[in-house]
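Undergrad: Quick one: this structure, given as structure tokens, is what I'll be asking you about.
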Amino acid sequence: MKYCDYCGSFENDCICGHNSIRSDWSWVSDDDDTNILFFCFVHLCFSDDTTSLIALRNSLLERKDVVSTWFGSTMRPCNWTGIRCESFVVHQISLSCTSSPLSLPFPKILKEFKSLKHLSVRHCGFNGTVYLDFWTLEHLETLDLSDNRLSGVKLPPTIGQLKDLTELSVYSNSFSGSLPYQIGNLEKLQSLDLGLNLFSGSLPSEIGNLKMLLVLDLSTNSFTGCIPETIGALTNVQVFNLQNCKFTGNIPAEITKMTSLTALNIAHNSFDGGLPSSFGELANLAYFFAQSVGLSGLIPPSMGNCKKLRILNLSFNKLSGPLPDSLANLESINSLLLTSNSLSGRLPEWFSNWKCVVSISLSDNLFTGPLLPLNIPSLMILELESNKLSGELPAGICENNALGMLSLSKNELNGTLGSNFKNCSILTDLGLSGNNFYGEIPAYLGELPLVTLELSKNRFSGTIPTELWESKTLMEIFLGDNLLQGHIPDAIAKASTLQRLMLDNNLFEGPIPTSIGQLKNLTNLSLHGNKLTGNIPLELFSCLKLVSLDLGSNKLIGHIPKLISQMELLVMSNNQLSGPIPNEICSCFQKVALPDSEFTQHYGMFDLSNNRLSGPIPTSIKNCVIVTKLILSRNQLDGPIPYEISGLSNLTSLDLSFNRLTGPILPQFFSMRNLQGLIVSHNQINGSIPYNFGSMMPSLVKLDLSNNCFTGSLPSSMFSINNLEYLDVSMNHFSGQLLFDHGNSTSLFSLNASNNHFSGALDPSISNLIALTILDIHNNIINGSVPSLADLVALTYLDLSRNNFQNSFPCSICEIKGLSFVSFYGNKFIGPVPDSCSKPNSCSPRLPFPSEHTYKSAHNLTHASVWGISLGATFVFMVLCIALMRRKMFKPEAAVLERGKGKIPPIDTNLKWGHLTK
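Here you go:
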């Protein structure tokens, strides 16, 4: 087997063209010298680009399956798929990799094609960088590097040398850096696509030099600053996209000079002010997207001159005022999207002038007045939820239109539904939640092709019509928060298409029907807040797709079933369930698939609180891998807290309070770094807290260890948790000095360390806890002076009573303006109470301390005066003794309970002869 003298391939597989040329030119003289001259000539013809093509092919050898036509073929390189040559000089390279990206480095060899005019490697998945030499291919006319994985790449200033360039696309890569001003030298450029990269910095004013541009896409980058006024020079641009950037400032009026615009997208930026008043000059505009850009003020009336507009999206802004009447001229409008603004006024009657409109979305605004008849034959979607519309529904709401979706939720509409929707023969989505509708739910709704029916948060009464359960299309039924009553019927089994059923907070009673187990497509069920009785039917868990189940706040009894399907939410709280928590239930929280976004806020909730469950918490709790909120409070659970809970890495909230749990909390338990809420109060837990608690649980927001048997010191690192807001360690046996680690927890607003054995002086760094509104450290043995609390300006509740504080009264306390409760009794303060404490709305009215001047003046009193004062003093003394006896009969716990009920005890200073005493 012979090898090709030029490319090194086997002779039969040679694809460089030399062997075929040798055979094609067989008539050449046998004279060796002549042949040598001839093949030298051929070699010169092939030498540059043919060599480079073969090198390019070899660089793709690892993925030759993608460019298979370049391998194993006798075809000359210039005839390979995607290659175009003129006289053996490559002018075009176009790789098609849409079916399978190459995932290879960007070929360095491309820089060798000095005469290259057209290069397209779109969707090829090239990675790495593009070397500077590549940007010197000065004959390039079109360059498409889009949809690759190029990174660490900047457009160099030398790009300005590519003056023949008409199309440039680097869309969907990781190009970064600022856009060089030399881009303005590409005066032949017709299409510039820089979208979906990491470009930053301001847009150079030289962009205005690209007067031949037809398409300009800067979207999804980090461009900042204002849009340059020179943008108005681009009068030929038809498509201008700068969405998802960081542009600021006003939208320049010069943008309205781009009179060829048919599509303008400025969405998701941070502009100020409103739209230019001259906006109507964009007479060719058909698509305008400006959602979430910070627009304010009125919609300019001149917009009515944009008569070719088909889609207008100004949602999620701060626009106000009524819709200008000039918009009635938008006769080509297809979609009007103005959701989430502050637009007001009544719905305009001229909507009926629009003959092509398909979708109108005005949700989350301030529109008032009644809903007008919808005489718009083309209308399919009408979204008006979260406004202030009032009155009754217009008769025949679906006449003269093609309504498929109607959302009127969260308004002030009232009346009965009557026969208003009877002719809605193509209505699939009906949203009427959050209004004042009343009466019975019409039976005919079950005969409509409804997929979603939202009637929650109204005043509907009566029973659910059987026709709803017989619907062949309904997938979602939301009837929560009404006055519906009766039993849930066995006919529910007929709703075979049902996926979500929300009947919460009604007056349903009786048992849960066993026939509910036939709903094989059911994924979400809420029967919360009714009067349901009986056991939880085992058949319910034949609904194998059920992932969200809320049976809370009913009167269900019996044991929790062992056979429960995979769950993302399980709530059985506030019932009368008894027995142990079954081991099997813990394995139902192992799904990792995320739920629909509508229910994500409750994803991973496991709530069995406020029942009569007993026994230990099962160690199989470790299997609840997706649980984020575990609530087992107010039961009769006993035994230790299983350390297996610490393995629930997704857990953010844990409430085990009001049980009979015992033993210490093992150190592993305190390593739950994602935990935000830990509540284990009212148990019999003992042991100490690790000194490095703050670093072990850095995400805590709420910590309640109260009413247990904890001992040891309270670690100061606890006050280094930045997000900690609520801390209650009261009614324990903590001891030692209460230290605050220099008060780094600036979020802490409530601290209760009362009824412990804390001693020593109060750490002065408590003044750094500037967010404190509640401070309760009563009934300890803290001594020394009270440090300055003047910086705790948010303080409203302060209880320092029943300690051993000494020295002078803390003068700064009564300067705190918002203080509504203060208690100092049971301490050893000396000296006078400051004048500020006698002011209204401050501390309690002070009793005057006897001064030296008072004692001297007493010598000048007459005998009658002395006798009168003595009798009066005796009477006052007897009254005080009686009051003191009654106070001793009043238990401190009662005061705690009163505070828990929201009743604030009166301010008590108990002044007696210069001291504050019990």
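Counting in our numbering, the sequence shown runs from 105 upward without gaps. No residue lacks a Cβ here, since even glycine has one placed at the ideal position from N, Cα and C.
1) Taking three-plus beta-carbon pairs below 8 Å as touching, is the stretch 564-574 in contact with the stretch 588-605?
2) Nearest by alpha-carbon distance to Ile769: which of Ile745, Cys349, Gln788 is it?
3) Output the distance between the C-alpha atoms of Leu536 and Gln680, rounded to the nearest integer angstrom.
4) Could you compute how far the alpha carbon of Asp169 sits from the alpha carbon of Ile213?
5) As a quick exercise: from Gly538, Pro498, Thr577, Asn504, pick the residue whose alpha carbon is nearest that of Thr532.
6) Count the CB pairs spanning the stretch 280-291 and the stretch 232-242 that are closer than 8 Å, and state whether there are at least three.
7) Helix or strand or just coil, what does DSSP make of Asn827?
8) Kindly list the residues whose CB is nearer than 7 Å to the CB of Ser200, restricted to its own chain and excluding five residues on each side of it in sequence; keep chain order.
9) What did DSSP end up calling Lys561 once you bin it into helix, strand or coil?
10) Give the DSSP bridge partners of Gln680, in chain order.
11) Excluding five sequence neighbours on each side, which residues of the same chain lie with their C-beta closer than 6 Å to the C-beta of Ser255?
12) Would you report the Cα separation of Thr339 and Thr360, rounded to the nearest angstrom?
13) Is Phe420 helix, strand or coil when you go by DSSP?
14) Mapping DSSP to helix, strand and coil, what is Glu613?
15) Only counting the same chain, and skipping five residues up and downstream in sequence, which positions put a Cβ closer than 7 Å to that of Pro722?
16) So for Arg716, helix, strand or coil by DSSP?
17) Near Ile263, which residues of its chain fall below 7 Å by C-beta distance, leaving aside the five closest residues on each side in sequence?
18) Pick helix, strand or coil for Asn433, following the three-state DSSP scheme.
19) So if DSSP puts Cys528 in a beta bridge, which residue, or which two residues, is it bridged to?
20) Leaving aside the five residues before and after Leu644 along the sequence, list all residues of the same chain whose C-beta is less than 7 Å from its C-beta, in chain order.
21) Give, in chain order, every unbroken run of the beta strand (DSSP E) that is at least 3 residues long and sits entirely within the stretch 373-411.
22) Quick check on Asn457: does DSSP put it in helix, strand or coil?
23) Under the DSSP definition of a beta bridge, which residues are partnered with Cys813?
24) Report the partner residues of Tyr548 according to the DSSP bridge assignment.
25) For Leu165, which of helix, strand or coil comes out of DSSP?
26) Quick one: using the 10 Å Cβ neighbour count with 16 as the cut-off for buried, is Ile530 buried or exposed?
27) Please work out which residues of its chain come closer than 8 Å, Cβ to Cβ, to Thr850, disregarding the five sequence neighbours upstream and downstream, and give them in chain order.
28) Classify Ser523 as buried or exposed, calling it buried when 16 or more other Cβ atoms lie within 10 Å of its own Cβ.
29) Helix, strand or coil: which one does DSSP assign to Ile878?
30) Using CA atoms only, rank isn't needed, just tell me which of Gly312, Asn479, Pro481, Asn540 is closest to Ser494.
31) The beta strand (DSSP E) with Met606 in it runs from where to where?
32) Just how far apart, CA to CA, sit Gln740 and Met776?
33) If you run the structure through DSSP and keep just helix, strand and coil, what is Gly621?
34) Write down the C-beta distance between Gly633 and Asp608 rounded to the nearest angstrom, noting that I regard them as a contact closer than 8 Å.
35) Can you find the residues in the same chain that come closer than 7 Å, C-beta to C-beta, to Arg990, ignoring five residues on each side of it along the sequence?
36) Assuming contact is defined by CB atoms lying nearer than 9 Å, are Ser892 and Ser912 in contact in what I supplied?
TA: Let me lay it out:
1) Contact between the stretch 564-574 and the stretch 588-605 is established, with three or more Cβ pairs separated by less than 8 Å.
2) Along the sequence shown, read from residue 1 onward, the residue named residue 769 stands at position 665. It is Ile745.
3) Taking the first residue of the sequence shown as 1, we reach residue 536 at position 432. Taking the first residue of the sequence shown as 1, we reach residue 680 at position 576. Using only the alpha carbons, I get a separation of about 34 Å.
4) Counting from one through the sequence shown, the residue named residue 169 turns up at place 65. Counting from one through the sequence shown, the residue named residue 213 turns up at place 109. Their Cα atoms are separated by approximately 20 Å.
5) Counting from one through the sequence shown, the residue named residue 532 turns up at place 428. Answer by Cα proximity: Thr577.
6) Judged by Cβ distances under 8 Å, the stretch 280-291 makes no contact with the stretch 232-242, as fewer than three pairs qualify.
7) Position 723 of the sequence shown, counting from 1, holds the residue named residue 827. In this structure, Asn827 counts as coil in the three-state DSSP scheme.
8) Residue mapping note: residue 200 aligns to position 96 of the sequence shown, counting from 1. Gly186, listed in sequence order.
9) To locate residue 561, count along the sequence shown from 1; it is residue 457. Three-state result, Lys561: coil.
10) For the purposes of this step, residue 680 is taken as the residue at position 576 of the sequence shown. As a beta-bridge residue in DSSP terms, Gln680 pairs with Ile661.
11) The count along the sequence shown starts at 1 and reaches residue 255 at position 151. Cβ within range, chain order: Ser278.
12) Within the sequence shown, residue 339 is the residue found at index 235, counting from 1. Within the sequence shown, residue 360 is the residue found at index 256, counting from 1. Distance between the alpha carbons of Thr339 and Thr360 is about 9 Å.
13) Position 316 of the sequence shown, counted from the first residue, corresponds to residue 420. Here Phe420 sits in coil by DSSP.
14) Translated into the one-based positions of the sequence shown, residue 613 becomes position 509. The answer is strand: DSSP assigns Glu613 an E or B state.
15) Translated into positions along the sequence shown, residue 722 becomes position 618. Cβ neighbours of Pro722 beyond the five flanking positions: Ile685, Asn687, Cys690.
16) Looking up residue 716 in the sequence shown gives position 612. Here Arg716 sits in strand by DSSP.
17) Your numbering for residue 263 matches position 159 in the sequence shown. If we look at Ile263 and ignore the five residues flanking it on each side, its Cβ neighbours are Trp239, Pro284, Gln286, Ile287.
18) The count along the sequence shown starts at 1 and reaches residue 433 at position 329. If DSSP states are grouped into helix, strand and coil, Asn433 belongs with the helices.
19) Mapped onto the sequence shown, residue 528 falls at position 424. Bridge partners of Cys528: none, in fact.
20) Within the sequence shown, numbered from 1, the residue matching residue 644 stands at position 540. Excluding sequence neighbours, Leu644 sits near Ile616, Ile620, Gly621.
21) 374-376, 391-393
22) Walking along the sequence shown from the start, residue 457 turns up at place 353. The DSSP-derived three-state label of Asn457 is helix.
23) Here residue 813 refers to the residue found at position 709 of the sequence shown. The partner list for Cys813 (beta bridge, DSSP) reads Asn790.
24) By 1-based counting over the sequence shown, the position of residue 548 is 444. Its beta-bridge partners do not exist; DSSP assigns none.
25) Within the sequence shown, numbered from 1, the residue matching residue 165 stands at position 61. Residue state, collapsed to three classes: helix.
26) In the sequence shown, counting from the first residue as 1, residue 530 sits at position 426. Under this definition Ile530 is an exposed residue.
27) Within the sequence shown, numbered from 1, the residue matching residue 850 stands at position 746. The residues are Asn826, Asn872, Leu873, Ile874, Ala875.
28) Position 419 of the sequence shown, counting from 1, holds the residue named residue 523. With fewer than 16 other Cβ atoms within 10 Å, it is exposed.
29) Mapped onto the sequence shown, residue 878 falls at position 774. Strand at Ile878.
30) Residue mapping note: residue 494 aligns to position 390 of the sequence shown, counting from 1. The option with the nearest alpha carbon to Ser494 is Asn540.
31) Numbered from 1 along the sequence shown, position 502 holds the residue referred to as residue 606. Note, Met606: beta strand (DSSP E), 604-606.
32) The residue you call residue 740 lines up with position 636 of the sequence shown. The residue you call residue 776 lines up with position 672 of the sequence shown. In this structure, the straight-line span from the alpha carbon of Gln740 to that of Met776 is close to 25 Å.
33) The sequence position of residue 621 within the sequence shown is 517, counting from 1. Gly621 falls in the helix class under three-state DSSP.
34) Position 529 of the sequence shown holds residue 633. Position 504 of the sequence shown holds residue 608. Contact flag correct, Cβ pair sits at about 5 Å.
35) Within the sequence shown, numbered from 1, the residue matching residue 990 stands at position 886. Low confidence applies here, because Arg990 scores a pLDDT of 43, under 50, leaving its location unreliable; read the following figure in that light. Cβ within range, chain order: n/a, list empty.
36) On the sequence shown, residue 892 is found 788 positions in, with the first residue counted as 1. On the sequence shown, residue 912 is found 808 positions in, with the first residue counted as 1. No, these two residues do not count as a Cβ contact at 9 Å.
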